[in-house]
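J.: If you scroll down you'll find the structure; I have some questions about it.
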Amino acid sequence: MFCSKCGAELPEDAYFCPKCGVRTRKGVEAGVSISWAEVKDEFSNIGEEIEKAFTTAGKEIEKAFKSARESIRESISEEAVVCLHCGEKNRTDAKFCYSCGKELGQSP
3 MFCSKCGAEL PEDAYFCPKC GVRTRKGVEA GVSISWAEVK DEFSNIGEEI
53 EKAFTTAGKE IEKAFKSARE SIRESISEEA VVCLHCGEKN RTDAKFCYSC
103 GKELGQSP
């Protein structure tokens, strides 16, 4: 019998590998609790998965910010609609002035 992790030769009755500490097939079948080495490996694996998730999330956030910046640039570059009541500049798609609340395009 050989260890599934490090390949060390194992005694027939081993529940754990004496070289790396991983639980053997016999240990799994017997329901023996996992070793500290396995716990450490799992935490390492979890850490790697979290790092991948944060990397992916960071890329997605970067894409969202880029899209938002482009949208803002487009809306800023459009010609503003000036309110005839208060003179405030509003977005071109606005129907009412964001400053005084009056309908845009109507004479005072």
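Take 3 as the starting number for the sequence shown in this note's numbering and just add one per residue. Glycine is no exception: its CB is placed at the ideal position from the N, C-alpha and C atoms. Bear in mind the structure is a predicted one, so any value in this text is a computation, not a measurement.
Apply the 10 Å Cβ neighbour rule to Arg25 and answer buried if 16 or more other Cβ atoms are within range, or exposed otherwise.
T.: To locate residue 25, count along the sequence shown from 1; it is residue 23. Buried is the call here.
J.: Exposed or buried, which one is Cys99 when buried takes at least 16 other CB atoms within 10 Å?
T.: If you number the sequence shown from 1, residue 99 lands on position 97. Classification of Cys99: buried, given that the 10 Å Cβ count is 16 or more.
J.: Who are the near neighbours of Ser101 in its chain, counting only those whose CB is closer than 7 Å to its CB and skipping five residues on each side?
T.: Here residue 101 refers to the residue found at position 99 of the sequence shown. Cβ neighbours of Ser101 beyond the five flanking positions: Cys85, Cys88, Glu90.
J.: Let me confirm a value: Cys5 is counted as buried when at least 16 other C-beta atoms fall within 10 Å, else exposed. Which label applies?
T.: Position 3 of the sequence shown, counted from the start, is the residue given in the question as residue 5. Under this definition Cys5 is a buried residue.
J.: By a C-beta neighbour count over all protein chains shown, 10 Å radius and 16 as the cutoff for buried, is Phe18 buried or exposed?
T.: The sequence position of residue 18 within the sequence shown is 16, counting from 1. That one is buried.
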